[in-house]
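Protein sequence lines, in the order shown, are assigned to chains A, B and C. When you line the first sequence up against my numbering, it's residues 4 to 307, in that order. When you line the second sequence up against my numbering, it's residues 747 to 1080, in that order. When you line the third sequence up against my numbering, it's residues 2 to 263, in that order. Below: the structure, in structure tokens.
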Amino acid sequence: MATSSESLPQDPASSRGQTRKGLTLSSFNWLGVLPFFLFALMFLILPTLTLMVGAFQDANGHFTLANIGKLFDSNILSAYQISIEVSAASALGGSVIGMLLALAAIQGGLPQWIRPTLMTFSGVASNFAGVPLSFAFLSTLGRMGLVTVLLRTYADIDLYGTGFTILSFLGLTLTYLYFQIPLMVLIVTPAIDGLRAEWREACESLGGSGFHYWWHIALPILWPSILGSALLLFANAFGAVATAYALTGSSLNIVPILLYAQIRGDVLHDQNLGYALALGMVVITGLSNAGYIWLRSRAERGRE
Amino acid sequence: MAFLTIANLHKRFDDHVVVHDFNMSIEQGEFITFLGPSGCGKTTVLRMIAGFETPTSGAITVGKDDITHLSPQKRGIGMVFQSYALFPNMNVTDNIAFGLKMRKLSSADISRKVAEVIKLVELKGKENHYPHELSGGQRQRVALARALVVEPRILLLDEPLSALDARIRKNLREQIRDIQRRLGLTTIFVTHDQEEALTMSDRIFVMNQGRVEQEGRAEMVYTQPATEFVARFMGNYNLLGAADAHKLLGLDIQGHMAIRPESIHVLDASANQEGALDATIRQHQLLGSIIRYQVESQGITLQVDRLNRTASDLMPAGTAVKLQISRDDMREVR
Amino acid sequence: MKTSRIGAWVAIAIGTLYFLLPLIATFEFSLKMNRDGYSFEAYKVVLSDPGFQATFGYSTLMALLTIIVGILLVVPTAYWIQLKLPRLRPVVEFITLMPLVIPAIVIVFGYLKLYNSSSWLPLTGNDRATDFLLMCSYVTLALPYLYRSIDTGLRAIDVRTLTEAAESLGASWPNILFKVIFPNVKSAILSGAFLTFAVVIGEFTMASLLGRPAFGPYLQLIGANRAYEPSALAIIAFLVTWASMGLIQVFARNARGTRKSA
Chain A
4 MATSSESLPQ DPASSRGQTR KGLTLSSFNW LGVLPFFLFA LMFLILPTLT LMVGAFQDAN
64 GHFTLANIGK LFDSNILSAY QISIEVSAAS ALGGSVIGML LALAAIQGGL PQWIRPTLMT
124 FSGVASNFAG VPLSFAFLST LGRMGLVTVL LRTYADIDLY GTGFTILSFL GLTLTYLYFQ
184 IPLMVLIVTP AIDGLRAEWR EACESLGGSG FHYWWHIALP ILWPSILGSA LLLFANAFGA
244 VATAYALTGS SLNIVPILLY AQIRGDVLHD QNLGYALALG MVVITGLSNA GYIWLRSRAE
304 RGRE
Chain B
747 MAFLTIANLH KRFDDHVVVH DFNMSIEQGE FITFLGPSGC GKTTVLRMIA GFETPTSGAI
807 TVGKDDITHL SPQKRGIGMV FQSYALFPNM NVTDNIAFGL KMRKLSSADI SRKVAEVIKL
867 VELKGKENHY PHELSGGQRQ RVALARALVV EPRILLLDEP LSALDARIRK NLREQIRDIQ
927 RRLGLTTIFV THDQEEALTM SDRIFVMNQG RVEQEGRAEM VYTQPATEFV ARFMGNYNLL
987 GAADAHKLLG LDIQGHMAIR PESIHVLDAS ANQEGALDAT IRQHQLLGSI IRYQVESQGI
1047 TLQVDRLNRT ASDLMPAGTA VKLQISRDDM REVR
Chain C
2 MKTSRIGAWV AIAIGTLYFL LPLIATFEFS LKMNRDGYSF EAYKVVLSDP GFQATFGYST
62 LMALLTIIVG ILLVVPTAYW IQLKLPRLRP VVEFITLMPL VIPAIVIVFG YLKLYNSSSW
122 LPLTGNDRAT DFLLMCSYVT LALPYLYRSI DTGLRAIDVR TLTEAAESLG ASWPNILFKV
182 IFPNVKSAIL SGAFLTFAVV IGEFTMASLL GRPAFGPYLQ LIGANRAYEP SALAIIAFLV
242 TWASMGLIQV FARNARGTRK SA
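Following this line, the structure appears as structure tokens:
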């Protein structure tokens, strides 16, 4: 909420602080943040950098592009492809459904208690990822899952006869949606709150209908937030290991599981190819997060 | 026949009565102000005229049309909001053109009308700026232009100046009044600032707790307050309760006696004027062109304004004086 | 207006169904361990499993250590940034967001390369050192949540003015920190702490690849080998997450209440 104004030069607090004690203390001021930067360097930046470097080295430490080249092996390419597809599908579904849910709770004219309930629940569900989530979906949509059984018994629909399995693309996407939708609700709520009642009223008094309001005003204003949030959701799904691994074991060929197996020494036995796999992941999540940050700053610029 | 008539308007939110029996009729081209403290119901009345709130009971008529339950889109009433409510995703031109587009005017007509109104509110050169690139005063002029360009039957202004700083506020209020006169536009202006109300309005409705306390021409409301509330809200009236009025002035009244500080004359202690009161200066405040004295007489403190002519005129605390108050300047209020 | 309200109810109803069904199904499944009817047998088995007790205890301890170290790292940094080095804010913000960009599996892979037993700093050499590394990895994972909530809390109280007021009233630095700043951001710190707890308690990737006996890998192991216990564990994990989030709400509400009455 306050993030929009902090970087502006006219913020009196920040400019004052820089000039006032600037000379006397500045030489020691950085000591206060030294622990943080040391920590970040040791446990975040260096570990990542060393992988990035390793991706361009052979087993003897010489520069090579061979590892990157091996990423284009059909097996690895298809892993990236499935990963991207699952992430994109869960990000798209998550952002559309999450958006609609948030809109319904905030602007749908529903009773007051709906909104805080949805928010609390979203906080829980967006963190309910990983191994327990895969258990929950196995109990629901697995071969012996409640929904599977109910459908077979009462609706005479053989879910698994249609080719569905929880270990498939669709099953994984449905599972990911369980934390993607609530995450979307949490990220997009501030943007929806930012829609002012007066905009709708101004639109109405100028002769615009509800459709005009959504098409010409609300959606264009929300658009960067929606797209940006979808990119964040994409990165969120792309890096997820635990849910997929616990759900499918190694049977689904997606990048995080490939990498997990590689680190455990189950398959590839090629350290440097592992580094290249990691580099590929960082590049993809990094790009989508960069998109998120760019779009968020655009969304905030328009707000006063 | 009146242009806009409001009859027996009531508005209740749950158990809370916000507007109680509001009646009003105004002529075409009048500039009306609803004046009152926050929460007095003035904005609610305005929003019912605009169609954003539905009255609990009562009727709103424009010309011969009953608009009480008409949707805001069909009322032809323009609104300017305190927070501007400019669409942040559109530049100045698109914001102003929005209402014309809703009316499906040809693009040639739209650009002509937009250009005209941009000239009217003196925003030439800002056509392609976005709201966040404009100052507060400029934003409010865009909002004004956006409301004006569709040629509304009535223009509603909901505290349009209160988010602006003092200098811009003065400037813009003259500009608004000027445009309103030129277009002959029926206008209702809501404010809590009595100076704004006095300088801009033809007529003022002073409101308090959902009711109209007093209505009348600007100068009447100021010089002849009808109630204690209006006297307190409009100026710095001295208000004497019945007991004090009897003690000081020897008058028997029911409610309060209101006396404006500038109508009390200060005389030398030696002056031999019939009916003058013995009094002592207690302290003073410099208010620029006037000096406001706290003067005590028989244990009652009165505020007295004098013009600040020269520094040597200033009377120090403890000075004995006489006060003369003409009966014509006293006003009995409920 | 009427139609949009019906649409809103439909959306909420479908959402509720989607989110409650797996929970109901899991709960129902967890009760079916006994052939002759519903029972809490699976919970009994799980809760009395020494493996459960050991790993849950280990992860709880890890979570607490993570919270303490994380707070000690983030609060002074966020405070100092606001007070003295506002120019560094974008840099620090960027770093704290990096764990959202770099997948956990990549980070831990980096640890294994950088701190393996034959490296300059063999943090994976013995169990205690690896515990330390795991805790650091959790602090890293928690950085985005901790920094965000603490920074927001600090910004809401205008740290600079408060500090200057305390300085001009003669307060010493420890007094400023512990009597002025800390009590005012307590609820922000606590929400960050509970969020961290929820993230860490069932974490799988880091613990599994560093080979530590944490709750996450235990869950996965049970899931691969048992039928009913996983459902019971999932319900327990859900309740733990719910408790953490519920406590955040409680503290957030309390903070709002005191601020209003003050």
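No residue lacks a Cβ here, since even glycine has one placed at the ideal position from N, Cα and C.
- At the C-beta level, residue 869 (chain B) and residue 901 (chain B) stay beyond 7 Å of one another.
- Look at residue 1043 (chain B) here: in three-state DSSP terms it is strand.
- Within chain C, the residues placing a beta-carbon under 9 Å from that of residue 53 (chain A) are 111, 114, 115, ordered along the chain.
- Along the segment 793 to 812 of chain B, going in chain order, the ones with a CB nearer than 9 Å to a CB of chain A are 793, 796, 797, 798.
- With 16 or more other CB atoms across the displayed protein chains lying within 10 angstroms of its CB, residue 231 (chain C) is buried.
- The beta-carbon of residue 221 (chain A) is placed no less than 7 Å from the nearest beta-carbon of chain B.
- In this model, residue 87 (chain A) and residue 216 (chain C) are separated by some 29 Å (Cα to Cα).
- Restricted to the segment 210 to 242 of chain C, the alpha helix (DSSP H) segments that are unbroken, complete and at least 4 residues in length are 216 to 226, listed in chain order.
- Secondary structure remark: continuous alpha helix (DSSP H) runs of at least 4 residues inside the segment 892 to 923 of chain B: none found.
- According to the DSSP secondary-structure assignment, residue 176 (chain C) is paired through a beta bridge with no residue.
- Taken through DSSP and simplified to helix, strand or coil, residue 1075 (chain B) comes out as helix.
- Residue contact check for residue 210 (chain A) against chain B: a CB pair falls below 7 Å.
- A straight-line Cα-Cα distance of about 21 Å links residue 249 (chain C) and residue 133 (chain A).
- Residue 127 (chain A) has its alpha-carbon roughly 6 Å from the corresponding atom of residue 242 (chain C).
- If you check the CB distance, residue 950 (chain B) and residue 972 (chain B) do not come in under 7 Å.
- The contact set of residue 207 (chain A) on chain B, defined by CB atoms closer than 7 Å, consists of 818, 819 in chain order.
- Just so you know, the alpha carbons of residue 767 (chain B) and residue 957 (chain B) end up roughly 7 Å apart.
- Interface residue (Cβ-Cβ distance to chain A less than 7 Å): residue 27 (chain C) is classified as such.
- Within the same chain, and ignoring the five residues on either side of residue 148 (chain C) in sequence, the residues whose Cβ sits closer than 6 Å to its Cβ are 75, 97.
- Inclusion of residue 155 (chain C) and residue 186 (chain C) in the CB contact set at 7 Å is warranted, their separation being smaller than that value.
- The three-state reading of DSSP puts residue 973 (chain B) in coil, since its state is none of H, G, I, E or B.
- Counting the other CB atoms within 10 Å of its CB gives residue 250 (chain A) a total of 16 or more, which places it among the buried residues.
- Contact residues of the segment 818 to 849 of chain B toward chain A are 818, 819, 823, 824, 825, 827, 829, 831, 833, 834, 835, 844, 845, 848, 849 (C-beta to C-beta distance below 7 Å).
- Close partners of residue 217 (chain A) in chain B (Cβ separation under 7 Å) are lacking, with about 12 Å as the shortest Cβ gap.
- The continuous alpha helix (DSSP H) containing residue 190 (chain A) extends over residues 172 to 196.
- Among the bridge pairs identified by DSSP, residue 215 (chain A) is matched with none.
- Residue 257 (chain A) and residue 89 (chain A) do touch by the CB rule: their CB atoms are close to 7 Å apart, below 8 Å.
- Pairing residue 806 (chain B) with residue 800 (chain B) gives a Cβ-Cβ distance that is not under 7 Å.
- A distance of 7 Å or more separates the beta carbons of residue 139 (chain C) and residue 50 (chain A).
- The segment 157 to 164 of chain C makes no contact with the segment 198 to 205 of chain C: fewer than 3 CB pairs, one atom from each, lie closer than 8 Å.
- Contact between residue 848 (chain B) and residue 213 (chain A) does not hold, since the beta-carbon distance rounds to 12 Å and is not under 8 Å.
- By the Cβ test, the segment 217 to 236 of chain A is not in contact with the segment 135 to 149 of chain A, since fewer than three Cβ pairs between them sit closer than 8 Å.
- For residue 813 (chain B), there is no enclosing alpha helix (DSSP H), as DSSP marks it with neither H nor E.
- Shown here for residue 822 (chain B): same chain residues with a beta carbon closer than 6 Å to its own, the five before and five after excluded, namely 898, 899 in chain order.
- For residue 81 (chain C), the chain A residues whose Cβ falls inside 8 Å of its Cβ are 32, 35, 36, in order along the chain.
- Using a Cβ-Cβ cut-off of 8 Å, residue 199 (chain A) is close to 829, 831 of chain B, given in chain order.
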